[in-house]
Structures are given as structure tokens and as C-alpha cells.
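Asks: Protein chains in written order, with this note's numbering: chain A, 1 to 489; chain B, 490 to 904; chain C, 905 to 1154.
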Amino acid sequence: MAAVQQTVDTVKTLDVDAYKYGFTTEIESDKAPKGLNEDTVRFISARKREPDWLTQWRLDAYRRWETMAEPRWARVDYPKINYQDLYYYSAPKGTAGPKTLAEVDPELLRTYEKLGIPLSEQEILAGVQERRVAVDAVFDSVSVVTTFKEELGKAGVIFCPISEAVRAYPELVRKYLGSVVPVTDNYFATLNSAVFSDGSFVYIPPGVRCPMELSTYFRINEQNTGQFERTLIIADAGSYVSYLEGCTAPKRDENQLHAAVVELIALEDAEIKYSTVQNWYPGDSEGRGGIYNFVTKRGDCRGARSKISWTQVETGSAITWKYPSCILRGDHSRGEFYSIAISNGHQQVDSGTKMLHLGKNTSSRIISKGISAGQSQNTYRGQVFAHRKAQNARNFTNCDSLLIGDQCGAHTVPYIEAKNSTAQFEHEATTSKISDDQLFYCMQRGLEAEEATALIVNGFVRDVLQQLPMEFAVEAQKLIAISLEGSVG
Amino acid sequence: MTALAPNPAEEDLATFLPADASPSARLFFDQFRKAGLPNRRVESWHYSDLRARLRAVPPLARAPDEAARAVARQKLAAGAFLRVVTVDGFYAPELSDDFSAVAGVEIIRAGEADFAGETADALLDLNAALARGGFVLDIAAGARVETVIEIVALAGAETDRSRFGRNLIRLGAGAHAKIVETRDEGFAGFGDSALFIALGEDAQLDYACRCRETASVEVQSLNVTLAARANLRSVALLAQTPFLRRQYFVSLAGEGAELQLAGAAILGRTDHADVTLAVRHDAPACTSRETFKYVLGDHANGVFQGKIVVPPHAQKTDGKMMCRGLLLSDEAALSAKPELEIFADDVACGHGAAVTKLDAQQLFYLETRGVPHIEAEKILIDAFAADVFEMLDSEALRDVLRADLSELLGEEKPA
Amino acid sequence: MLEIENLHVRVAGKKILDGLNLTVEDGQVAAIMGPNGSGKSTLSYVVAGRADYEVEQGSIKLDGADILEMSPAERAARGLFLVFQYPLEIPGVATMTFLKAALNAQRKARGEAELPTLEFMKQVRAAAAKLNISQDMLKRPVNVGFSGGEKKRMEVLQMALLEPRFAILDEMDSGLDIDALKTCAEGVNALRGEGRSLLVITHYQRLLNFIPPDVVHVMSRGKIVRSGGPDLALALEATGYADYTEGAAA
């Protein structure tokens, strides 16, 4: 209730061009030379003091990538990317290795403060900040700080930058890296494998329920710099972890490339809950600038009775190309995908999921809510597949689209493939607009058009919002209202 | 991406283009050659890799001679309806009934100019380039044709031929008609047929299609245009299809047009049937309902791809699409891709898809009432599939389809 | 309190209100009766400010202020309330959320402070109890899955909570059985009094047995054709609308 009022207030107080994370941080940085070749790959690997096997792994990926073509099947349209005109590595000066909070450049700390990300453990412990969330803050190509490492360590939980994990836990990284998203998976994943910079590594030991939410906050700052983070989360048998991911970038006139890979592995009886609020800079009202977001996210329910749940609120980016998926390998495993994708202005979204039922008695659930406004195009693309041996596979899919204004498009492209007589798949989709009658009803009760729209939209996405951790849900609700600003005539 | 290896079938097809082919036929053939036989990398053909399936094509069927007509005559047992007959895709007036007594109906041999120019698909291009000798069935404006017209498409004496039928059904403004199409290609050869249906303003057509024993590889294209307030109810019953692609390109071109498109596929053995729809709501306030059902036994493979497209100006569109599959065997498979592509905001569109098995409780219930298990299955399958016939207005057409369905389920249980 | 002068309205090109005049006094309960298609529902929508109604001529004043140029929300904040004949469903929005958003939007528009949550809850609960509305219904999304009777009770609950100056009841009896009608009527009657006027629109006299009016107007072909006391409604019940429809045609 309070959140709705907040939503409404936020709508009123913000300007039309409302992206509020659009500032830049003035900080000197250490960059790889512009362009991409084997030397760039070696440069990144050397900067991160990586072992030889990983350097070779990257080089293999790079050679593979050179033979691949950029995929064009998604309903997104953008000019050809010049991969030689980008920087592939940029780190704020003086962050060569992981640091304690005290050693972090105060300019960086101010940046995160401005973004509302709590990095100071003291403040959190003292109750200045109310939420207790461990944060890994990634700035361009490096992790600048990870909080609560010690406390997590007591529980046996490993939460650190992946560059650190490569050195500290090589056997874990080597075992699982690329085991869900193979090096050769797709164009952007292969590119990421060659040049990935930083990201988070999480390992939850058997039987451990992670004592707090883990969170990574991604920030692209530097101009003409791609961000290629890599996240690897392993939930060992019987463990549980909830992980949050947030992203922002400064307003810049040129497009910036973001090609991430996220791999989740859930062993027997383990559960991973992965939530994203994606708020990369979407470009201005003319469609200039904004992030190209090409992301490969995949979870492997490797063990019996394991569960992976993806929840995403997508409001940012000029282009979104993203299909968080679940491989339901273990018997009785379960995959979930909850998504709110909002597009406004000139944004183009092509997002959805894949549920691949391989094991017996596996189940999955997909709830997708797409909202298109302005001149944007919003596509849901999702695959549900039951293998011949996937006895009793179950899927339920609900996919609703809402159109606001007559300049935008909403598209639904499901692929339903059943190769098993015991599979039971149900899919339903609707596309509609907010009815004039509903709006009038709300306005008759005293709400102005924009408030009424925000209220109805919040109702439309409620099923998904409920899946987010509490604080995230409130934030997401605000974000939804802001994202739709100016869309009501 | 590596280039595709050449396919000998494409070379064979090139020899079919006669030396005296018209410029437009050449143009269509060039378009086909450029695209080539569609393969799984072509999104709309992903589930029916024609290029992989069609490695060689049989010789081109010639206009029917006496031998072909004799074979066809044998297949044409006495029927209840007035018939228009084609053999190997060629209109055969000498085998067809006399329509002179039916007011408002005229059947003539088709010419190139009778068909709409542009196409959206390689196989429709190929058909446009190679088809000759089809018919135009004209129902005059205002005519209310009460008698059911049956179109019978037969293979001639040599079944292993390549056939390219191309026909047009045209209803003038306010005309009403009931048409059933019966196709029997004798399980052999290659077929690439096209049927054009053009309904004038306020015209109403009930159309049923019975497809059995289709060619070894068969592509059927339907090109449908509905003018304002026109109403088409169309149901297809597909069975015994070694490799069938049935594709509908529909344009709801006039305001207030209504479309009901349905089908049931009863497949067994290694049958492959792919129904692909592209329904464009090109005018405001049109309504469309698409319902397709699949009963899949043995190693059968069912494909449903449905796309509803609503361009920006088509406000007040009402579109609903449904696909349901019943899998009776672990070797059978169904792939469904019901798509919505919407650029107008004042619309109510939806689609659904469901894959299920026979309801064990219903089966049990029937068995407790003394119905043997096999019979109980048939009853439930029949009910599942026959449901789509109900949208037809004409009782006579519904009866034909019902009889076909019970024959299919009686002869051989798909499982 | 409400003054409508010479109101001409078209809907989709068709003339629906044709020079309608109507005055409702402070504290008065006025009934409008009329045959189907006489323009009764159009009148309620135009007063509440629904778009797509083309007002060609005339004025509508609430407490002396012309409201025709105001948005529906502004009219609501001035105390105008419409009991919808068919209340809308708003999926996903909890009834409590909706009530609070509406109440606070109106208070804010009037320059009043927001109602503290506890006080708000108390008021809703009290009003709900009177109307036999369960806590469970308040948690459910607005009108979603409600029966016809539940929807109408919810309308009356909103009216009790928003305390309008002027309420229009558009065919409140449609879709209600006798018990539900009694409950709703009791809820409405409890709100009768000084400083609040009601306009009861109905086809049947039955509703007026439960909400007795001070005056009765008969509407036909887009205007008020006759006005009188409560006995006029009874006379109509006996003779039907034939006199008016034919008379208007002549």
C-alpha cells in the first residue's frame, strides 16, 4: 500500500528524462589497448594473474569466436557493432587486487553511496542501513570490494570476485566454469569466455543455508568499454542461497556493450534463487545511447530435487537479449522464471526463458509480464522442451502483454516441444491494453490518469513482484512507475 | 555459417520450367531458386526440414490422358455432392459434374492472371512458376448456393509424379456457399498445391478439407483474403500424411471480417503433419479464432505454428488461437509455436497451447460403465478431435468429417 | 447542489441527451426513472466525466462550480461519486490498496493530510462490517471474482469511506437478489442526510421501496419529461412507460 503511494509520488516528482543513475565517476583508469585480438586476451589474463589453463581456455574461446557469426534471429535491430572499436578491460587505478573497505578509493565509495548501495559493514551492523546484504561491487572490469566475507566465511560460504576465486579455489572454478554455458554456446557467450573481466563467485557448502542475501552490483562507468562479467554460483547438496543482481550505467550518447554469462549449478536438494533488477541506461528519448545487453544466463538443476528460480525486472538497456534458462536434469527438479519486462522510448526487448526437461518428474513454471510503451518493441521468446525420457514433465506458462499507446509493439513467440506422452504442458498468453473502463473507474474514485495507470500496471505485474525479496520489490515497483513516465497521454 | 550443399531436387525442379514459360513464371521461379528449398534454419520451416526430406523429385505430371482419367473414374464412386474434379492438379471437366443447373456457380479453367501476384513463401513461388491447368470456381455476388460443392483432387495413373495444382474459389459480395475438398494423392510423389480463397464483402463460406493419403512429400498452401464483414469457417481433417506441410496465409482485409480456422490431425506410423498459419488482421475490428488439435500415436510428429499479426491501424482486433495435443505414444512428438505479433494497442488477443494425455479418470469412468478400454479410448479421442467440426455452419459438412473421423479411429487406432 | 442546464450530448455521433434540465437540492434524494435507452446511464457517465461523450451544449454545476472541464478525478475530489452499474475488475490490485490510494488522492487534492494507516484500517473495517464484507474480500483484488451482490456492496463501501457530497446510483438494483438489495439500500440510507444528495437511477420502482426518494423525475428520449413526488413512481409501476415513449414520439 505504502509502496503504491510511493510509486505515485515518484511519478510526480521526476522529470521526463528520469534515469537517475546517469552520472559519471571521474576516476583514472587502467585500460587494455583498444580492440580485440589474442594480445588483448593475454593482457586481461595477465592483469588478473591467471593460471595458464585459464589463459589457454580464453584463447580457445577467442579463436572459436572469430569463426562465429553474430545471431540475428531475435526481434531487435541495431547497427553493426565494431568489436575493434571497444576497450575490453578497464579498471579504476589502484584496484589491482581485492581490498578491504578502508583501502578503496573514496571516489568509488561516493559513487556507490550515490547509487544507494550499502558497502559499509559498520553502518549496516550499527543499524544505519536496515538491510543485511553482502555486496560484491563490480566497477567496469573489476570487483572493487566484497562485504561480509568474514562472516560468510564462518558459515563456509565463499563469496568473492571470480578473479580471486580463480587463484584461491582453482579446483572449484576449473570443475564448474563453462560446465553450464559451454565456451562454444553462442556468439556472445563465447566472446565473454575470451574476455570476461570480473563478476562474482559463490559456493555454498553442503547443507548450508546462506545466512544472508548475496548481491552483486554492476556499474559500467568508462566510455567505449564493454562489460563482460562472469558469475558462477554453486549450491552444493542440500544448500540454499538467494542472490540479487543490480546494474546501472552513466548516460552516454554512444551505445555500450554488456555481454555477461551467469552459470548456476544446483546439486541434490539444493535451491538457488536468483533475482535481477536490470536498470542499465536505456538511451534518451530520441533513442541515442543506451546499453546493448546480450546476456547468457543458465542454471543447471544437476541434482535430484534441486530447484532454480529466476526472477527478473527488466527496465533498462537499449537492447535486451536475454533468456535465463533452466536445465532440469535431476529427477524431480524444478525451474521457475518470473519476469517483468518494461520497454519505453525506443527500447527493444527480446527476452524469455528455456525450460529443458530432461529428468523424470521435473516441473517448471513461467510467468512473464511484458509492458510496452512509447515506440518500443517488446518480445517474449520462450522454449519448453520435454525429452523422450522426461517422464511426467510438467510446465505451466502464463505470458501477458500490456500495450500503452499505439506506437509500440508486443510480441509473443513460444516454442513448445513435447516428445513424451506423459508430458503435460499448458501455455496461455494474452495481449491487451489497459481498458478505458478500468481507467475511468479509478479516476472516478479520485486518481489522476498517471496514478491510475501506475496502479493498474502494478496490479498487472503483481504475481512477479511477489517473487522478489521484500526490499527489491519496493525498489522494483518504483522503477516500474519511473520507466513508464510520460507514456500516458 | 557454412553454405548449404546443393540439393539434387532443386536441379530436377529447374528442368520442369518449360521453354515457353511466361516472364512472371520465370520471375517466380527465380525467387524460388534464390531462396532454395527451405531448411531448418529458416525460422518458419524449422520443424519441417523440406530440404533434408526432398532429395529427389519424381517426374512432372502431365495433363491427364485417357489412362489417367480411367483410374480417376474408378476412384470416383457415386457421391452425394456436385463435384469439381482435378487429376494430378489439372482441372478435368469431363470427370466433373454439370453445374449449369446451379444458379450463380461458374467453373472455368484458370489463367495466370486469376491469382494475386505476390507471395510470401518459397513453395508458393514454386507453385506459381510451375502450376498449369487449375480452375476458378466463381460464386456470383448475392448467390446463395444451398447444394454442397465438392472439390476432388486425385492422382492419375502414375502416382509417383510431381503435381502443382493451383485453384481459386471466389465468392462475390453477399454470396453464400458450402464447399468440401477431398484430397487423395495416393501416398506417392511430390505435391506443391495452392488454393486461393477470396471472399467479397459480406460473403460467407463454409469450407471443409479432408486430406488422406497425401503425397510422400506434400505442401499445401492456402491463400485467403476476406473483404469487409466476410465470414470464413474452415476445418481441415488431416490423416495418413507421410510428410505434409499445410500452410495458411490469411489476410482479414476488410473491416469486420470474421475467420474461424480449425483442424484436427489424426496421425500414426511415422506421419509428419505441419500446420502453419500466418493470420494478418489488416483491417480494424476483425475477429479470428484458430483451433487446431493433434492426436499423435506411434512415431507421429505433429507441428503447429500459428502467428497472429496485428498491424498498427488494426484497432479493435479480437484474435484467439488454441493448439491442443494428445500424445498416445512415447515416440510421438508435438511442437507448437503459437505466436502473437502486435503493433496496435486496442486489441484483445490471446493464444493457448496444451499437451496432455488421455484422462485416466475419464477412461476409468467409461470402463466402469462397461465400455472396453480400447473403445473408451476411441470415444475420448473422437470427442477430443470432433469438437473442432462444430464451428462449421453446415450440418452436411460436419457429417462428412464426423464419418471420416470414426472411420479413421475404427480402422486403426493411432496408438 | 447539482444543476444541469440544457444538456445536449452525442455518443458516437448519436444524440443521446437532448436538452436535459435537472436540479437536485442539498440533502435531497432524487430518483430518475425511464425506459431502456432513454439516456439514464449516459447522464451518469457525463456527470462523472467519462471520455468519448461529446457535450454539445449546456452546463453541469456542482455546488455552483462548472465541472464540465474537470477530469473525473477532480470531480471525485469535489465529492462526486458514481455507483457503477457494472463495477470494473482490476486484477492484481488488492482492494485495500485501491481504497487507500483513492481516499488519499482525494484528500491530497483537497489539501488534507493523508489518513494514518491505522485510522484508515479502522474506518474500512467498521464500514465493511456494516455491509457484511469479509476481511478476505478486502484482501482480494478489486472486484475480481466477486459476485454481483459483492460488487455492489463494495461500491457502497467505497461510498461510505469516501463520503461524497453527491452520489449517483446507476441501476444499483441490477443483478441483486432481494437480500443483497436490502443490505446495499441500508448502507445507502445510513448515508442520507444534510450535506449529501443522492441521484437514484433505476428502471424499476422496486429499488425505491428501499430507498424512498423525495422527488421522482421521468426521463425519456434524452430529457426529463415529468417530475413529481414519490407517488409518481407508483403510478409508473402501474401503467408502465408506454405513455412516455409514445407521447415523446408524437
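Every residue, glycine too, gets a C-beta built ideally from N, C-alpha and C.
#1: Within 9 angstroms of any Cβ in chain A, is that where the Cβ of GLU907/C sits?
#2: Nearest-angstrom Cα distance between ASN458/A and PRO995/C?
#3: I'd like to check one pair, ASP300/A with GLU263/A: are the Cβ atoms closer than 9 angstroms?
#4: Check each candidate in LEU921/C, ALA935/C, ARG979/C and ARG1069/C and name the one with the smallest Cα separation from GLY1097/C.
#5: Between the C-alpha atoms of ARG735/B and ALA629/B, what's the straight-line distance to the nearest angstrom?
#6: So, are the CB atoms of GLY289/A and GLU254/A less than 9 angstroms apart?
#7: Is TRP310/A helix, strand or coil by DSSP?
#8: Tell me which same chain residues have a C-beta within less than 6 angstroms of the C-beta of GLU268/A, skipping the five on either side of it?
#9: In whole angstroms, what is the alpha-carbon distance linking VAL349/A and TRP321/A?
#10: In or out: VAL128/A buried (at least 16 other Cβ within 10 Å) or exposed?
#11: According to the Cβ coordinates, are VAL915/C and ASP956/C closer than 9 angstroms?
#12: Helix, strand or coil: how does DSSP classify ILE158/A here?
#13: If the cut-off is 9 angstroms on Cβ atoms, which residues from the region 29 to 52 of chain A count as contacting chain B, listed in chain order?
#14: With distances taken from CA atoms, which of ARG529/B, SER537/B and LEU643/B is nearest LEU584/B?
#15: Kindly list the residues whose CB is nearer than 7 angstroms to the CB of LYS419/A, restricted to its own chain and excluding five residues on each side of it in sequence; keep chain order.
#16: LYS667/B bridges to which residues according to DSSP?
#17: Rounded to the nearest angstrom, what separates ALA874/B and GLU896/B at their Cα positions?
#18: Could you give the distance in angstroms between the alpha-carbon of GLY983/C and the alpha-carbon of SER372/A?
#19: Please confirm whether any heavy atom of the ligand GDP lies closer than 8 angstroms to the CB of PRO1020/C.
#20: Grab me the residues of ASP586/B's own chain with a C-beta within less than 6 angstroms of its C-beta, minus the 5 sequence neighbours each way, in chain order.
#21: By the 10 Å Cβ neighbour count, where 16 or more other Cβ atoms means buried, how is ILE863/B classified, buried or exposed?
#22: What does the alpha-carbon distance come out to for the pair GLN709/B and PRO51/A?
#23: Between the Cα of THR1021/C and those of ALA1032/C, LEU1007/C and GLU1067/C, spot the shortest distance and give me the residue it belongs to.
#24: Give a yes or no on whether the C-beta atoms belonging to MET443/A and ASN395/A are separated by under 9 angstroms.
#25: Quick test of the definition: if touching needs 3 or more C-beta pairs under 8 angstroms, does the region 837 to 847 of chain B touch the region 789 to 806 of chain B?
#26: At which residues does the beta strand (DSSP E) containing ASP627/B begin and terminate?
#27: If we count the other Cβ atoms within 10 Å of its Cβ and call it buried at 16 or more, is TRP280/A buried or exposed?
#28: Measure the alpha-carbon distance for VAL913/C versus GLU960/C and round it to whole angstroms.
#29: Which value, in whole angstroms, describes the spacing of the CA atoms of ARG209/A and THR296/A?
#30: Is it buried or exposed for PHE624/B, if we count other Cβ within 10 angstroms and need 16 for buried?
#31: Give me the chain B residues within the contact set of PRO414/A, using Cβ-Cβ distance strictly less than 9 angstroms, ordered along the chain.
#32: Could you have a look at ASN1113/C and say whether DSSP puts it in helix, strand or coil?
#33: I'd like to know if ALA1017/C contacts chain A, where contact means its C-beta is closer than 9 angstroms to some C-beta of that chain.
#34: Per the DSSP calculation, PHE218/A is bridged to which residue(s)?
#35: From the DSSP output, read off the bridge partner residues of PRO92/A.
#36: Can you confirm whether THR946/C, when its beta carbon is compared against all beta carbons of chain A, has any partner nearer than 9 angstroms?
Replies: This is what the structure holds:
#1: The Cβ of GLU907/C sits no closer than 9 angstroms to any Cβ of chain A.
#2: Whole-angstrom Cα-Cα distance: 10 angstroms.
#3: Their beta carbons are under 9 angstroms apart, which means GLU263/A touches ASP300/A by this criterion.
#4: Nearest of LEU921/C, ALA935/C, ARG979/C and ARG1069/C to GLY1097/C, Cα basis: ARG1069/C.
#5: Cα to Cα, ARG735/B sits roughly 28 angstroms from ALA629/B.
#6: Cβ atoms of GLY289/A and GLU254/A: closer than 9 angstroms.
#7: TRP310/A: strand per DSSP, three-state reduction.
#8: Around GLU268/A: ALA237, GLY303 and ALA304.
#9: Approximately 7 angstroms, taken between the alpha carbons.
#10: Residue placement at VAL128/A cannot be trusted, given a pLDDT of 41 that sits under 50; what the coordinates show is reported in the next sentence. Counting Cβ neighbours within 10 Å, VAL128/A comes out exposed, since fewer than 16 surround it.
#11: Yes.
#12: Correct three-state label for ILE158/A: strand.
#13: Within the region 29 to 52 of chain A, no residue qualifies.
#14: Among ARG529/B, SER537/B and LEU643/B, the Cα nearest to that of LEU584/B belongs to LEU643/B.
#15: Exclusion of the five residues before and after LYS419/A leaves ALA386, HIS387 and ARG388 as the residues of its chain whose Cβ lies within less than 7 angstroms of its Cβ.
#16: The partner list for LYS667/B (beta bridge, DSSP) reads ASP695/B.
#17: If you draw a straight line from the Cα of ALA874/B to the Cα of GLU896/B, it comes to about 13 angstroms.
#18: Straight-line Cα distance between these residues: approximately 35 angstroms.
#19: Annotation note on the ligand GDP: not contained in the displayed structure, which lists no ligands.
#20: Within the same chain, Cβ atoms closer than 6 angstroms to the Cβ of ASP586/B are found at LEU571 and ARG572, the five residues on either side in sequence being excluded.
#21: Burial state of ILE863/B is exposed, judged by a 10 Å Cβ sphere holding fewer than 16 other Cβ atoms.
#22: Roughly 60 angstroms between the two C-alpha positions.
#23: The option with the nearest alpha carbon to THR1021/C is LEU1007/C.
#24: Taking 9 angstroms as the Cβ cut-off, MET443/A and ASN395/A do not qualify as a contacting pair.
#25: The way I'd put it, the region 837 to 847 of chain B does touch the region 789 to 806 of chain B; three or more beta-carbon pairs between them come closer than 8 angstroms.
#26: Element bounds for ASP627/B: 624 to 628.
#27: Buried, because 16 or more other Cβ atoms sit within 10 Å of the Cβ of TRP280/A.
#28: Pairing VAL913/C with GLU960/C, the inter-Cα distance amounts to about 6 angstroms.
#29: Going from the Cα of ARG209/A to the Cα of THR296/A covers about 27 angstroms.
#30: With 16 or more neighbouring CB atoms inside 10 Å of its own CB, PHE624/B falls in the buried class.
#31: Against PRO414/A, the close residues of chain B are ALA825, LYS826, PRO827, GLU828, HIS840 and ALA842, in the order they occur along the chain (beta-carbon pairs closer than 9 angstroms).
#32: Helix, per DSSP.
#33: For ALA1017/C, the nearest beta carbon of chain A is not closer than 9 angstroms to its own beta carbon.
#34: Note: PHE218/A sits in a beta bridge opposite VAL138/A and CYS247/A.
#35: Beta-bridge pairing by DSSP links PRO92/A to SER29/A.
#36: No, THR946/C does not count as interfacial toward chain A.
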